[in-house]
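Asker: Below you will find the structure I want to go over with you.
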């Protein structure tokens with residue numbers, strides 16, 4: 014699909030596609046930004062609730078016939094601060110849902126978030142140090158790869174939770190596993206949906222950790238999200254074939 018007219022890429026590149034090869038072949042690579050925002054937001058909120066209320070632990074105990082009460086009462090969501098790392102199209106969606114039960118929400122990214130009722134953090138260190146839950150919603154780029162490594166989780170509040178529904182590679186999985194194995198580390202749990210190596214190469218160092226909730230990159234997969242993406246994709250193809258209509262998000266020039 015050749016693109017003859019100028020196209021502007023306003024969104025992050027499609028990191029699963031060899032953009033250089035596509036450009037050499039004269040193939041325009043388009044995508045559907047935000048089409049799965051609601052699906053990812055719902056999934057992120059579910060993964061926030063699971064560790065804060067220890068749903069997996071209570072479920073396992075109940076299946077054993079163990080009538081277990083928590084050692085200490087869980088904190089209500091209204092007591093927690095959610096930090097959104099990348100409050101863009103997708104990051105703003107869970108922010109809105111988190112405010113409904115009374116969570117304080119703050120964000121860090123290129124997009125100003127105050128208009129959505131989200132306080133803007135001044136730095137990554139500030140966001141981590143003042144959040145009980147951090148949810149990652151950044152694209153994978155040269156600047157964001159390894160952004161959350163060994164040092165960053167140590168800045169979190171004690172008992173904090175890390176959620177990643179963005180891209181594997183943004184969070185250092187080996188450093189994350191080391192933090193989760195350490196009972197004295199401030200990071201108490203993590204929920205990860207995207208990994209640096211997926212499908213047949215899926216083999217993260219998080220395997221077997223009871224405080225790591227792992228899912229196979231399914232956050233954005235709902236019927237409505239897939240239908241929305243398909244319709245947008247068809248619209249983009251039609252527009253590009255008719256001269257690359259302005260407004261179509263093209264990842265390569």
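Residue numbers (the working numbering): 14 to 266. Where is the CB? At the ideal position from N, CA and C, for every residue including glycine. Quantities reported herein were computed from a predicted structural model and do not represent experimental measurements.
Quick one: complete alpha helix (DSSP H) runs, 4+ long, within the region 105-160?
Answerer: 105-112, 137-142
Asker: Whole angstroms are fine: how far does the CA of residue 97 sit from the CA of residue 114?
Answerer: 16 Å
Asker: Excluding the five sequence neighbours on either side, which residues of its own chain have a C-beta within less than 6 Å of the C-beta of residue 25, listed in chain order?
Answerer: Interpretation of residue 25 is limited by its pLDDT of 48, a score under 50 that renders its predicted location unreliable; the figure taken from the coordinates is listed afterwards. The residues are 152.
Asker: Taking 8 Å as the threshold, find out whether the region 55-75 comes into contact with the region 202-215 through three or more Cβ pairs.
Answerer: yes
Asker: How would you write the range of the alpha helix (DSSP H) that residue 72 sits in, first residue to last?
Answerer: 68-76
Asker: State the DSSP-derived secondary structure class of residue 222, mapped to helix, strand or coil.
Answerer: coil
Asker: Using CA atoms only, rank isn't needed, just tell me which of 245, 182, 191 is closest to residue 215.
Answerer: 182
Asker: Can you name the start and end residues of the beta strand (DSSP E) that residue 201 belongs to?
Answerer: 200-205
Asker: What residue range does the alpha helix (DSSP H) around residue 94 cover?
Answerer: From DSSP, residue 94 is part of no alpha helix (DSSP H) but of the beta strand (DSSP E) over 94-98.
Asker: Tell me whether residue 87 sits in a helix, a strand or coil according to DSSP, three-state version.
Answerer: coil
Asker: Please state whether DSSP places residue 45 in a helix, a strand or coil.
Answerer: coil
Asker: Quick check: residue 43 and residue 253, are their CB atoms within less than 9 Å of each other?
Answerer: yes
Asker: Counting along the chain, where does the alpha helix (DSSP H) carrying residue 173 start and finish?
Answerer: No alpha helix (DSSP H) contains residue 173, which is instead part of the beta strand (DSSP E) from 173-177.
Asker: For the alpha helix (DSSP H) containing residue 37, list its first residue and its last residue.
Answerer: 32-37
Asker: Helix, strand or coil, according to DSSP, for residue 169 in the structure here?
Answerer: coil
Asker: Which same chain residues end up closer than 7 Å to residue 243 when comparing Cβ atoms and leaving out the 5 residues on each side of it in sequence?
Answerer: Contacts found: none.
Asker: From which residue to which residue does the alpha helix (DSSP H) around residue 248 run?
Answerer: 236-254
Asker: Can you give me the C-alpha to C-alpha distance between residue 142 and residue 238, rounded to a whole angstrom?
Answerer: Those two C-alpha atoms are separated by around 34 Å.
Asker: Is residue 261 helix, strand or coil by DSSP?
Answerer: Three-state DSSP puts residue 261 in coil, outside helix and strand.
Asker: Using only alpha-carbon positions, find the residue among 212, 169, 186 that is nearest to residue 231.
Answerer: For residue 231, the closest of 212, 169, 186 by C-alpha to C-alpha distance is 212.
Asker: Got a sec? Which residues, its chain only, sit under 7 Å from residue 50 by beta carbon, not counting five neighbours each side?
Answerer: If we look at residue 50 and ignore the five residues flanking it on each side, its Cβ neighbours are 102, 103, 106.
Asker: With H, G and I counted as helix, E and B as strand and the rest as coil, what does DSSP make of residue 53?
Answerer: helix
Asker: If we ignore side chains and look at the alpha-carbon of each, how far apart do residue 256 and residue 48 end up?
Answerer: 23 Å
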